[in-house]
Structures are given as structure tokens and as C-alpha cells.
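Peer 1: The structure under discussion is supplied below as C-alpha cells; questions concerning it will follow.
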């Protein structure tokens, strides 16, 4: 979610500098089931452009139509969309539409919280009414400071309104140790789902950042100088160097980290040889370190090509960080989204 909000605010600021008005649409409530849950957003311009989505693509035209009155009056409104009659979904979406205006202080605070990789909260105030109403809108709460996203927000009116609150964690990041073709494919796919991807390659690697589509950085430190300070709880780490000795050297540098996911490429017999060699260097390593490494990494979906293997790896990472046991959705009891 954080990466989606980042793109919306980035676009809103760009439009704002060009004198283009924008409206933020936020799903703040849901009765029943829907394609996506409360907290999804889209941004619309006065010229009919939009980015983001609040559904699978079937609600957006109605949102654009309803937003016209917000552009005209500069007042927020709440629209409802009954999916039972239009989508076949058994739910009604309630979508807050508000004029968006990002102050310089809000922009600075938002960029700071992203770079420092700390969490923040967005509070969206509304009433379940199709009529325009005064005082509603969204507020970012960053480091105990409040930054309204809309000029429509009247703080004295907030106590009388309903509130949808959403916590935003640091943008999930993927550190890929390796620079071969399969790392390129994994990088491209991970960046496409909004993750920040960093490539860590051996010091003698001749490739440039442009080779890794979607990567945020290409790092080539000496093995003993690998910086692990950024490998926090919202990070996945994968080893895919295709080199037995390089994997060992990287594991020596990574032996004290506790990321959200830790994986190593290659068959199980290779993994055991790598672990055995690592224990020769660090005989006191706890069994828990080896237990948290997923290897061979990836889900068993019959993947063969580099692109298919990337899909299987991403699927496993998602299942681990979302604490889900992979099954066919047709076999799942109850709602798809818990």
C-alpha cells in the first residue's frame, strides 16, 4: 500500500506544480465483499486523467463521473457503489472523494518518513451520505504531526465524523545478491509489484544499474564490507550468485540479519554443502539461523524459465510475509481476503 500512496502523492505534486487540480478517491468502508479492500486509492485530474485503482477496473469510470462535482465545488463527498448489481460482487463500496492539495511541509515530512523507513498513519474522515459535506478529508499523521491532504479538512468537525485509519509500513524491499540473468528477471517483476529492489554484486561485476530494470541501486562492496544496516523487518534477502564460494562469503556477511524472508537459490544438496562450509568458519552459529533460510527457494509450480522461477520466488516471499499457506483459492473456505 505504501508504494501506491507514494506514486499518488508524487503525481499529485507534479500536477499541482502545473496548476492542475486533483481529487483523491479512497475506499473507506465496505459492506460485503469486493475485489479490493478499504484503503485502496486512486487519483484523478481535472483533465480526466487518473492513476491507481479502487477495484479491478470496473468502478473507476463511475468514480471519475462522481468526482466532477468535487472539482466544481471543492467540497468532499462520499459515493457508494453497489457491486451486486454491476459487478456480481456481494458488496457495496463507500468511496471518499476529496480535493487534494499537498503542502510543502507535508511533502517534506512524507519524503523524510519514506527515506528513514518508518511507519505513519493516514486518517480519512467521512460520513455515509451521498451528499457533499463540510469538514471531511484525509490527514497524514507523521511523527506526531498532522498534515491535511485536503483544504476541505476542518479539524473542529472531525469529532462528529466516521474515521477510517490505515497504518503504512516502510516500502517493502528486496535485496538480490547476484547479477545473472535470473536476478534481472526477479528484479523486474519485484519492482513491478511496488517493491524497492537493490542489487548487490561482487566487486568485479562489470554490469551497470541500467542492466537491472526497475532496480533502485546497484551495490558492489567487498564481501566483508556488505552493509546490513538497511536489512530491516520489511526486507527480503535472496542469494542467487550461481557461485558456491560467493554464496558462502555473502552468508558470512549476513549471518546476523533477521529479514522478513531469507532465501537461497539452488538444490537442497548444494544448500547443505554451503551450510557445512559456513559452519567450518562459524561453528557456533545457532540452528535457528539455518532454519530461517528458505532453500531451495520458491514454490513448486513447475517453473523452468528464469521468468517462471522469479514468479515462484515472489509467490513464496509473499506467502511468508503474509503468513499464508499456499493453496488453490477454489479450495479455500470463507472469504479470499481475511
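In the working numbering, the protein residues as written are 2 to 339.
Backbone N, C-alpha and C define an ideal beta-carbon position, used for all residues, glycine too.
A quick note: this is a predicted structure, and the numbers were derived from the prediction, not measured.
1) Tell me whether the beta-carbon of residue 256 lies closer than 8 Å to the beta-carbon of residue 283.
2) For residue 81, which of helix, strand or coil comes out of DSSP?
3) Quick one: give me the first and last residue of the beta strand (DSSP E) that residue 165 is part of.
4) State the Cα-Cα distance for the pair residue 144 and residue 113, rounded to the nearest angstrom.
5) According to DSSP, which residues form a beta bridge with residue 43?
6) Measuring alpha carbon to alpha carbon, tell me which of 123, 102, 96 and 103 ends up nearest residue 2.
7) Tell me where the alpha helix (DSSP H) around residue 263 begins and ends.
8) What residue from 19, 18, 27 and 23 has the CA that sits closest to residue 5's CA?
9) Rounded to the nearest angstrom, what separates residue 93 and residue 13 at their Cα positions?
10) Does DSSP put residue 125 in a helix, a strand or coil?
11) What are the start and end residues of the alpha helix (DSSP H) that includes residue 288?
12) Mind reading off the beta-carbon distance from residue 220 to residue 201? Whole number of angstroms is fine, and I expect it under 8 Å.
13) With DSSP run on the structure shown, which of helix, strand or coil describes residue 66?
14) In chain order, what residues of the same chain lie with their CB nearer than 8 Å to the CB of residue 169, ignoring the 5 residues before and after it?
15) Does the Cβ of residue 68 have 16 or more other Cβ atoms within 10 Å, making it buried, or fewer, making it exposed?
16) Keeping to the same chain, check which residues put their C-beta closer than 7 Å to that of residue 278; ignore five residues upstream and five downstream.
17) Can you list, in chain order, the residues of its chain whose CB lies under 8 Å from that of residue 48, leaving out five sequence neighbours each side?
18) Kindly confirm or deny that the segment 217 to 235 and the segment 283 to 292 touch, where touching means at least three C-beta pairs closer than 8 Å.
19) Taking a contact to mean a Cβ-Cβ separation below 8 Å, would you say residue 23 touches residue 77 in this structure?
20) Where DSSP assigns a beta bridge to residue 295, which residues make up the other side?
21) Just tell me which of 99, 198 and 296 has its CA closest to the CA of residue 317.
22) Helix or strand or just coil, what does DSSP make of residue 198?
23) Alpha carbon to alpha carbon, how far is residue 95 from residue 62?
24) Measure the beta-carbon distance from residue 71 to residue 99 and round it to whole angstroms, keeping in mind my assumption that it falls under 8 Å.
25) Closest to residue 179 by C-alpha separation, out of 209, 136, 325 and 195, would be which residue?
26) Measuring straight from C-alpha to C-alpha, what distance separates residue 190 and residue 135?
27) Mapping DSSP to helix, strand and coil, what is residue 318?
28) Taking only three categories from DSSP, how would you classify residue 174?
29) Reducing DSSP to helix, strand and coil, say where residue 60 ends up.
30) Have a look at the DSSP bridge pairing and note the partners of residue 238.
Peer 2: According to the structure data:
1) Residue 256 places its beta carbon less than 8 Å from that of residue 283.
2) strand
3) Where residue 165 is concerned, the enclosing beta strand (DSSP E) stretches over 163 to 169.
4) Whole-angstrom Cα-Cα distance: 10 Å.
5) According to DSSP, residue 43 bridges with 26 and 53.
6) 123
7) Note, residue 263: premise wrong, no alpha helix (DSSP H); beta strand (DSSP E) at 262 to 265.
8) 27
9) 27 Å
10) strand
11) 288 to 292
12) 5 Å
13) helix
14) 2, 3, 6, 120, 121, 122 and 123
15) buried
16) 249
17) 21
18) No, they do not touch.
19) no
20) 264
21) 296
22) DSSP places residue 198 in strand when its eight states are reduced to three.
23) 15 Å
24) 7 Å
25) Of 209, 136, 325 and 195, the residue nearest in Cα terms is 209.
26) 43 Å
27) helix
28) strand
29) Shown here, residue 60 sits in coil according to DSSP, grouped into three states, outside any helix or strand.
30) Beta-bridge pairing links residue 238 to 176 and 263.
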